[in-house]
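Chemist: Line by line, the protein sequences give chains A and B. In terms of the numbering used here, the first sequence is numbered consecutively and its last residue is 141. In terms of the numbering used here, the second sequence is numbered consecutively and its last residue is 951.
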Amino acid sequence: DIQMTQAASFVSASVGDRVDITCRASQGISNGVAWYQQIPGKAPRLLIYRTSHLQGGVPSRFSGSGSETDFTLTISSLQAEDYATYFCLQVNSFPYTFGQGTKLQIK
Amino acid sequence: QVQLQESGPGLVEPSQTLSLTCTVSGDSISSIAHYWSWFRQHPGKGLEWIGYIYYGGSTFYNPSLKSRVTISLDTSQNHFSLRLTSVTAADTAVYYCAREPAKPGQPPDYWGQGTLVTVSS
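#1: If you draw a straight line from the alpha carbon of V924 (chain B) to that of R870 (chain B), how long is it in whole angstroms?
#2: Taking G135 (chain A) as the reference, give the member of A:S127, A:L112 and A:T106 with the closest Cα.
#3: DSSP on A77 (chain A), reduced to helix/strand/coil?
#4: Measuring only between beta-carbons, confirm whether R58 (chain A) sits less than 8 angstroms from chain B.
#5: Just to make sure I have the definition right: I need the residues of chain B whose C-beta is within less than 7 angstroms of the C-beta of G66 (chain A). Which are they?
#6: Flag F910 (chain B) as yes if its beta-carbon sits less than 8 angstroms from any beta-carbon of chain A, otherwise no.
#7: Which residue wins for smallest C-alpha separation from S951 (chain B), given the options B:Q835, B:P844, B:S849 and B:G887?
#8: Secondary structure at D921 (chain B), three-state DSSP: helix, strand or coil?
#9: What runs of the beta strand (DSSP E), each 3 residues or longer, lie entirely inside the segment 869 to 901 of chain B?
#10: Compile a chain-ordered list of the residues in the segment 878 to 897 of chain B whose CB is closer than 8 angstroms to at least one CB of chain A.
#11: Starting from R913 (chain B), trace the beta strand (DSSP E) both ways and give me its first and last residue.
#12: Just the C-alpha distance for D116 (chain A) and Q37 (chain A), rounded to the nearest angstrom, thanks.
#13: Just the chain B side, please: which residues come within less than 7 angstroms of Y83 (chain A) by C-beta, in chain order?
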């Protein structure tokens, strides 16, 4: 199985900051990465698919980049409603696998 | 608006069968455009893909769970179901259902809120 590693379990940042959350795959997965936002008690929300495509309705301050093994979710200017857990998902090969998640906290 | 809602017992005894249903609104599970998936998240851990079903009943499961998992469709009720047999404490998790576009590289786009299932006597 492909291992997806989010090195940072926690990231602290202030409103207005630029935030980068990274995810590394154990082998090349082309552009088959998605990013989700998870708030406790709510359904995971798809933000980015195919590495860099913004899901409809998601604010443009969210963006994704990377290829093969290294991927980044960027929030260009953090808003209060962005404090949540973010996780990556690879859909390049079965079984799908997830990163462990990065919790974005108020600094 | 597409919505998914999981339902089922919150407590299952060890060695018994876990059964959950996902009711879909705003879309038809008979659609050829989507797969219908199950995931789970152990307490404090990352998510795990369980498997999916496609219209007509084709299924694909995570090899780690394949021997114990069955996913089925009920088109008359527009819901799909998960059965996991011979459960242990290691199956305690929040279980999510999701819709996934049937296109290569497309991840699940709509999810349920999740339901906690605890395996305990």
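Virtual Cβ for every residue (Gly too), placed ideally from N, Cα, C.
Modeler: Inspection of the coordinates gives the following:
#1: 5 angstroms
#2: Closest by alpha carbon: A:T106.
#3: coil
#4: no
#5: Within 7 angstroms Cβ-Cβ: G935.
#6: Residue-level contact by beta carbon fails for F910 (chain B) and chain A, as no gap is shorter than 8 angstroms.
#7: With distances taken between Cα atoms, S951 (chain B) lies closest to B:P844.
#8: helix
#9: 877 to 884 and 889 to 891
#10: E878, W879, F890, N892, P893 and S894
#11: H909 to L914
#12: Looking at the two C-alpha atoms, the distance is approximately 26 angstroms.
#13: Q936 and P937
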